[in-house]
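Peer 1:
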Amino acid sequence: MQSDASLELRTDRIREMITQGNRFDSRKLDEYRKIEIIKNISENAEGSARVKLGKTDVVAGVKLIVGTPYPDNPDEGTISIGAEFLPIASPFFEAGPPKIGETELARVVDRGIRESKCIDFKKLCITENEKVWIAFVDIYTINDDGNLFDASSIAALSALLEAKVPKIEDDKIVKGEYTGKLHLARKPLLCTTYKIGGKLVSDPTFVEAQGMDARFSVATTEDNYLTAFQKGGSGSFSPKEIDECIDLSFRHGKAIRNLL
Amino acid sequence: MNVKEKEIEYVKNGKRVDGRKIDELRPIKIDVGVIDRADGSCYLEWGQNKIMAAVYGPREALPKHIQNPYRALVNYHYRMATFSVPDRKSPKPGRREMEISKVSGEALEKAIFLEKYPNTTIDVFVEILDSNAGTRVAGLAAASVALADAGIPMKDIVAAVGVGKIAGEVVLDLNKTEEDAPDAVDIPIAILPRTEEIVLLQMDGLLKLDEWKKALKMGIEGCKKVYELQKTALRKAYLEAEKEEKVKENAK
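First to last, the protein sequences are chains A and B. Positions 928 to 1187 (the working numbering) are the ones given, in order, by the first sequence. Positions -19 to 232 (the working numbering) are the ones given, in order, by the second sequence.
#1: Cβ atoms of residue 186 of chain B and residue 1154 of chain A: under 8 Å apart, would you say?
#2: What separation, rounded to the nearest whole angstrom, lies between the Cα atoms of residue 69 of chain B and residue 998 of chain A?
#3: On the CB-based measure, 16 or more other CB atoms within 10 Å of its CB, does residue 1101 of chain A come out buried or exposed?
#4: Would you say residue 250 of chain B reaches chain A, if we count a Cβ-Cβ gap shorter than 8 Å as a contact?
#5: Measure from the C-beta of residue 1160 of chain A to each C-beta in chain B and report whether the shortest distance is under 8 Å.
#6: Can you pull the chain A residues whose beta carbon is under 9 Å from the beta carbon of residue 172 of chain B, in chain order?
#7: Run through chain A and tell me which residues come within less than 9 Å of residue 145 of chain B, C-beta to C-beta.
#8: Once DSSP output is grouped into helix, strand and coil, what is the label at residue 965 of chain A?
#9: Can you tell me the Cα-Cα spacing of residue 973 of chain A and residue -1 of chain B, whole angstroms?
#10: Assuming residue 75 of chain B contacts residue 1030 of chain A (C-beta within less than 8 Å), just tell me the rounded distance between them.
#11: Helix, strand or coil for residue 224 of chain B, going by three-state DSSP, please let me know.
#12: Return the CA-CA distance between residue 125 of chain B and residue 114 of chain B, expressed in angstroms with no decimal places.
#13: Measuring only between beta-carbons, confirm whether residue 82 of chain B sits less than 8 Å from chain A.
#14: Going along the chain, which unbroken runs of the beta strand (DSSP E) with 3 or more residues stay wholly within the stretch 1053 to 1079 of chain A?
#15: Going by beta carbon distance, what residues of the same chain come within less than 6 Å of residue 134 of chain B, once the five residues before and after it are set aside?
#16: Does residue 1034 of chain A have its Cβ less than 8 Å from a Cβ in chain B?
#17: Could you list the residues in the stretch 1074 to 1102 of chain A with a C-beta less than 8 Å from some C-beta on chain B, going in chain order?
#18: Output, in chain order, the set of chain B residues within a Cβ distance shorter than 9 Å of residue 1155 of chain A.
#19: Could you work out which residues of chain A lie near residue 192 of chain B, taking near to mean beta carbons separated by less than 8 Å?
#20: Residue 1143 of chain A: buried (16+ other C-beta within 10 angstroms of its C-beta) or exposed?
#21: For residue 111 of chain B, does the count of other Cβ atoms within 10 angstroms reach 16, so buried, or fall short, so exposed?
#22: Given residue 1186 of chain A, which residues of its chain have a CB within under 7 Å of its CB, disregarding the five upstream and five downstream residues?
#23: Using a Cβ cut-off of 8 Å, pull out every chain A residue sitting near residue 89 of chain B, in sequence order please.
#24: What are the complete beta strand (DSSP E) segments, minimum 3 residues, inside the stretch 98 to 163 of chain B?
#25: Pick from A/1113, A/1011 and A/1098: whose alpha carbon is nearest that of residue 1188 of chain A?
#26: Of all Cβ atoms in chain B, is any one closer than 8 Å to the Cβ of residue 1007 of chain A?
#27: How is the beta strand (DSSP E) around residue 22 of chain B delimited, first residue to last?
#28: Which of the three DSSP states, helix, strand or coil, is assigned to residue 81 of chain B?
#29: Quick one, are the C-beta atoms of residue 1075 of chain A and residue 1116 of chain A less than 8 Å apart?
#30: Determine the DSSP secondary structure at residue 1174 of chain A, reduced to helix, strand or coil.
#31: Give, in chain order, every residue of the stretch 1054 to 1069 of chain A whose Cβ lies closer than 8 Å to some Cβ of chain B.
#32: Under a Cβ-count criterion, where at least 16 other Cβ atoms within 10 Å of its own Cβ denotes burial, should residue 1022 of chain A be classed as buried or exposed?
#33: Measuring only the C-alpha atoms, how far is residue 1065 of chain A from residue 1148 of chain A?
#34: If the cut-off is 7 Å on Cβ atoms, which residues from the stretch 1020 to 1031 of chain A count as contacting chain B, listed in chain order?
#35: Tell me which same chain residues have a C-beta within less than 8 Å of the C-beta of residue 1135 of chain A, skipping the five on either side of it?
#36: Verify the CB distance criterion: does residue 152 of chain B have a CB-CB separation below 8 Å to chain A?
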């Protein structure tokens, strides 16, 4: 754990190091930390996963709930992604209602998955106009050592890949019985590139991310589609840098997909 | 409903549902200095979108613990009026509004010389009164003009535009009908036009790499068109004010 003051003092040093192409843990600028995916961490969840990205640690769980469809899509279920920065994960996180950081993360992870059309919402319909499945994916941070966006995206996708659809009898969920797995047609993954000290950096640690000017998240699929973009931070990217970020996201997405 | 959607031809002979060309913006009207009490303000119409933007500040950031001794904070509030959408919008700020506020504020931070005003906040309020797709970029364009009107020193005026894909075609500035197309992709872009630095970029939808390259090019061109309209509106407002002063002085 670092104190506020030491972080402030180290920001310039971080930028300087990265500008020279060096990192504290001697990784290359475009290298990810070790990724570990542990599946089914909760028996009550329909699907769940814990993802460790170096020391960053997040969990995600899926619950399928019977809900009513939106009037404009009476034969479609849906997904809903939430994120909570638990105060156990960092001295900078506080308990309480979701703040903007959590909202942005959840919405960006949601877009990457939803827009890839990997889940056929029509298959989540139980009775038209009345009952549909709503897949709630909730992401919780366990330890924040940077790059929560990518860790959360891997966790959410891993949890969805594990998710089973509960059995329904007389309009009630039969506990512990399932009709089968939730089918995913694609595996969309979000990979974020940070701009630190004028360089493009993959998977920064919490300390490295303190030197960030801007970040750019790109969700990609195995069949070479782009499904979501999000630029964050007060800096900017040139069109050429954006191209480089997209290339990195395709490359890392492919590598991470092999671990699922 | 789906059958009806399929009957729409989104692009026919190079013309779109509202008769625009593929790379044509909707009509944009910009009025500067429309709110007397604000330090800077702007009313902007972009097609059916109607937006009121006001800037207050730089003023002391409160509570004190949020102050930054090195620079000003940008506090961007994007809000939709309850009556600005077909179904009444809930008056409480939603997740979408929060996210738009965050990314739009960050886009402006790159343009403003924040280090000139330590311990202060620059509050930017963007109220959507009527909407028809593309309100976040229209709001950002209005906010930039309001900042200039407030006399806040900036490297450049942030220009923004929506670009996207409908029925396989990359098009500029999607309207609501187009945005609701089954496979529509929407990409809001904001840049500092002089240097082409990208300060806001979002996307959702299924897009191939070559389509993205086309979209980026069209987006930058579109931003530059909006930029010209922003500058023209500011010039008009300030040259008119100057003329009026002169008339008054001459009358004396």
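Even for Gly, the Cβ is constructed at its ideal location relative to N, Cα and C. As the structure is a prediction and not an experimental result, all values here were calculated from the model.
Peer 2: Per the coordinate set shown:
#1: yes
#2: 16 Å
#3: exposed
#4: The structure shown does not extend to residue 250 of chain B, since chain B spans only -19 to 232, so no value can be given for it.
#5: yes
#6: 1163
#7: Neighbours of residue 145 of chain B on chain A: none; closest Cβ ~11 Å, over 9 Å.
#8: strand
#9: 49 Å
#10: 5 Å
#11: helix
#12: 17 Å
#13: yes
#14: 1058 to 1070
#15: 91 and 92
#16: yes
#17: none
#18: 182, 183, 184 and 185
#19: 1153 and 1173
#20: buried
#21: buried
#22: 962 and 964
#23: 1161
#24: 100 to 110, 139 to 146 and 149 to 152
#25: Residue 1188 of chain A falls outside the range modelled here, since chain A spans only 928 to 1187, and no answer is possible.
#26: no
#27: 20 to 26
#28: helix
#29: no
#30: helix
#31: none
#32: exposed
#33: 22 Å
#34: 1027, 1030 and 1031
#35: 941, 945, 950, 951, 1073, 1121, 1123 and 1128
#36: no
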